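Report on one structure; see the data block that follows.
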Amino acid sequence: MNWDQMEGQWKTFKGHLREKWGKITDSDFEVIAGKKDRMLGKIQERYGIGQEDAEKELDKYINSISKKEP
Numbered sequence: 490m491n492w493d494q495m496e497g498q499w500k501t502f503k504g505h506l507r508e509k510w511g512k513i514t515d516s517d518f519e520v521i522a523g524k525k526d527r528m529l530g531k532i533q534e535r536y537g538i539g540q541e542d543a544e545k546e547l548d549k550y551i552n553s554i555s556k557k558e559p
């Protein structure tokens, strides 16, 4: 699954993302609104990791949950 698909199904997938990244608040998710760059920024901010690591983690997680979804 690519991020465009994720953005189109944001309401469905943000619950999965919330489980993985619990430090990101509901209001943060409203601001993120399906935008990958915003999600990466919040991961970096809340977890104190670099952009490259945040992107690797996010892509890895997206791939894992997309395999579970029908």
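Residue numbers (the numbering used here): 490 to 559.
Glycine included, each C-beta is placed from N, C-alpha and C at the ideal position.
Because the structure is a prediction, the values reported are computed rather than measured.
Within 10 Å of its beta-carbon, does residue i have 16 or more other beta-carbons around it, so buried, or fewer, so exposed?
i, result
"K500", "exposed"
"A522", "exposed"
"K503", "buried"
Compute the distance between the beta-carbons of residue i and residue j, then report whether it is under 9 Å.
i, j, result
"Y536", "L506", "no"
"I513", "I532", "yes"
"K525", "W492", "yes"
Please list the terminal residues of the continuous alpha helix (DSSP H) segment that includes residue i.
i, result
"G511", "From DSSP, G511 is part of no alpha helix (DSSP H); its letter is neither H nor E."
"I532", "525–536"
"G497", "492–497"
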